[in-house]
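In the working numbering, the protein residues as written are 384 to 596.
Backbone N, C-alpha and C define an ideal beta-carbon position, used for all residues, glycine too.
To start, the structure under review is shown below, and the notes come after it.
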């Protein structure tokens with residue numbers, strides 16, 4: 384299936400477009416297939432809503448695992464390629480032909496837990512834990528275009544809202560899911576790869592902090 388494309392205002396490249404994308408994220412134990420975790424399953428809910436599921440035993444960046452994002456027909460749309468390079472957690476968000484849409488990398492030296500997202504080789508966003516917040520886990524996102532987003536809610540339980548100056552960018556929820564390690568993400572931002580990369584960064588930073596507790 385051909386993926387609709389539109390210009391990426393940050394990198395000047397083409398990226399998949401979607402008016403509203405809902406992700407079902409399943410972080411339960413992976414099925415063993417030739418030594419690799421099972422690929423992501425994605426199910427089309429409607430013309431404007433996509434449901435994405437991935438399965439993993441631990442957070443993807445800690446083991447350098449990867450997972451596919453596909454459509455309801457099994458066509459591969461994105462690959463989240465997790466890497467561990469010199470103790471620096473990194474992932475690449477790729478297209479089905481190996482084209483890299485975004486790269487997320489954790490900063491080793493920072494006062495706060497921080498990950499940086501690059502698109503087309505250029506800086507696109509910085510995701511960092513918010514200081515002096517009454518919420519235990521709260522993150523701010525500084526985009527290269529000057530916008531600032533904020534993740535508010537229960538980030539541990541994946542029930543939070545990612546908001547920007549023009550409204551809601553993405554929402555995550557476990558409301559409709561019985562499996563503990565499963566949650567949904569609905570993206571309203573036109574740059575789906577960037578928004579998805581930021582959600583992956585938040586997930587990794589929260590998991591890393593909990594791992595130190």
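Handout entry: Backbone secondary structure at residue 579 - three-state DSSP
Key = Reading the chain shown from its first residue, position 196 is the one you call residue 579. Helix.
Exercise for the section: Report the residue ranges of all beta strand (DSSP E) runs contained in full by the region 461 to 539; include only those spanning at least 3 residues, in chain order. Expected result: You should have 471 to 477, 483 to 489, 497 to 502, 505 to 512, 522 to 526 and 531 to 537.
Practice task
Starting from residue 592, follow its DSSP beta bridges and name the residues at the other end.
Solution key: In the chain shown, residue 592 corresponds to position 209, counting from 1. Residue 592 pairs with nothing; no bridge assigned.
Practice task
Give me the Cα-Cα distance between residue 498 and residue 478, rounded to the nearest whole angstrom.
Solution key: As a working mapping, residue 498 is identified with position 115 in the chain shown. As a working mapping, residue 478 is identified with position 95 in the chain shown. A straight line joining the alpha-carbon of residue 498 with that of residue 478 spans about 21 Å.
Problem - Residue range of the unbroken beta strand (DSSP E) whose run includes residue 543 - result: What you label residue 543 is simply residue 160 of the chain shown in a count that begins at 1. Residue 543 -> beta strand (DSSP E) spans 542 to 547.
Exercise for the section: Please determine, among 472, 502 and 542, the residue with the shortest C-alpha to C-alpha distance to residue 575. Expected result: Within the chain shown, the letter at position 192 stands for residue 575. Considering only alpha carbons, the answer is 502.
Problem - Of the residues 537, 538, 511 and 587, the one placed nearest residue 531, counting alpha carbons only - result: Counting from one through the chain shown, the residue named residue 531 turns up at place 148. Checked all of 537, 538, 511 and 587; the closest Cα to residue 531 is 511.
Problem - Classification of residue 558 by the beta-carbon crowding that lies within 10 angstroms, buried from 16 upward - result: In the chain shown, the residue the question calls residue 558 occupies position 175. Taking a 10 Å sphere around the C-beta of residue 558, we find fewer than 16 other C-beta atoms and assign the residue as exposed.
Handout entry: Same chain only: Cβ atoms within 8 Å of residue 527, ignoring 5 sequence neighbours per side
Key = Position 144 of the chain shown, counted from the first residue, corresponds to residue 527. Within the same chain, residue 527 has close Cβ partners 393, 505, 506, 507 and 508.
Practice task
Would you mind sorting residue 480 into buried or exposed? The rule is 16 or more other CB atoms within 10 Å of its CB.
Solution key: Counting from one through the chain shown, the residue named residue 480 turns up at place 97. Looking at its Cβ environment, which holds fewer than 16 other Cβ atoms inside 10 Å, residue 480 is exposed.
Handout entry: Of the listed residues 544, 529 and 551, nearest to residue 521 (C-alpha basis)
Key = Translated into positions along the chain shown, residue 521 becomes position 138. Looking at the Cα atoms, 544 is the closest of the given residues.
Practice task
Using three-state DSSP, classify residue 574 as helix, strand or coil.
Solution key: Counted from its first residue, the chain shown places residue 574 at position 191. In the structure shown, residue 574 sits in coil (DSSP, three-state: anything other than H, G, I, E or B).
Practice task
Find the nearest neighbour of residue 449 within the set 587, 474 and 495, judged by alpha-carbon distance.
Solution key: Start at 1 with the first residue of the chain shown, and residue 449 comes out as number 66. If we check each option's Cα against that of residue 449, 474 comes out closest.
Exercise for the section: In angstroms with no decimal places, state the Cα-to-Cα distance between residue 523 and residue 534. Expected result: Mapped onto the chain shown, residue 523 falls at position 140. Mapped onto the chain shown, residue 534 falls at position 151. Taking the straight line joining both Cα atoms gives about 6 Å.
Practice task
Report yes if the C-beta distance between residue 572 and residue 578 is below 8 Å; otherwise report no.
Solution key: The sequence position of residue 572 within the chain shown is 189, counting from 1. The sequence position of residue 578 within the chain shown is 195, counting from 1. Going by beta carbons, residue 572 and residue 578 fall inside the 8 Å limit.
Exercise for the section: Just the C-alpha distance for residue 514 and residue 485, rounded to the nearest angstrom, thanks. Expected result: Counting from one through the chain shown, the residue named residue 514 turns up at place 131. Counting from one through the chain shown, the residue named residue 485 turns up at place 102. Cα-Cα distance, rounded: 26 Å.
Exercise for the section: For residue 538, count neighbouring C-beta atoms within 10 Å of its own C-beta (all shown protein chains included) and say buried if the count is 16 or more, exposed if not. Expected result: On the chain shown, residue 538 is found 155 positions in, with the first residue counted as 1. Here residue 538 is buried. Its C-beta has 16 or more other C-beta atoms within 10 Å.
Practice task
Report yes if the CB atom of residue 464 is closer than 8 Å to the CB atom of residue 591, and no otherwise.
Solution key: One-based indexing of the chain shown puts residue 464 at position 81. One-based indexing of the chain shown puts residue 591 at position 208. The Cβ atoms of residue 464 and residue 591 lie no closer than 8 Å to each other.
Practice task
Let me know if residue 472 comes out buried or exposed under the rule of 16 or more other beta-carbons within 10 Å of its beta-carbon.
Solution key: The count along the chain shown starts at 1 and reaches residue 472 at position 89. Buried.
Problem - Opposing strand residues paired with residue 557 [DSSP bridges] - result: Taking the chain shown and counting its residues from 1, the one referred to as residue 557 is at position 174. Beta-bridge pairing links residue 557 to no other residue.
Practice task
List the whole-angstrom C-beta distance separating residue 582 from residue 553, where the pair is believed to meet the contact cut-off of C-beta under 8 Å.
Solution key: On the chain shown, residue 582 is found 199 positions in, with the first residue counted as 1. On the chain shown, residue 553 is found 170 positions in, with the first residue counted as 1. Approximately 6 Å separates the beta-carbon atoms of residue 582 and residue 553; this is inside 8 Å, confirming the contact.
Handout entry: Sequence-distant residues of its chain with Cβ nearer than 6 Å to residue 488 (five each side left out)
Key = The residue you call residue 488 lines up with position 105 of the chain shown. These residues qualify, in order along the chain: 473 and 499.
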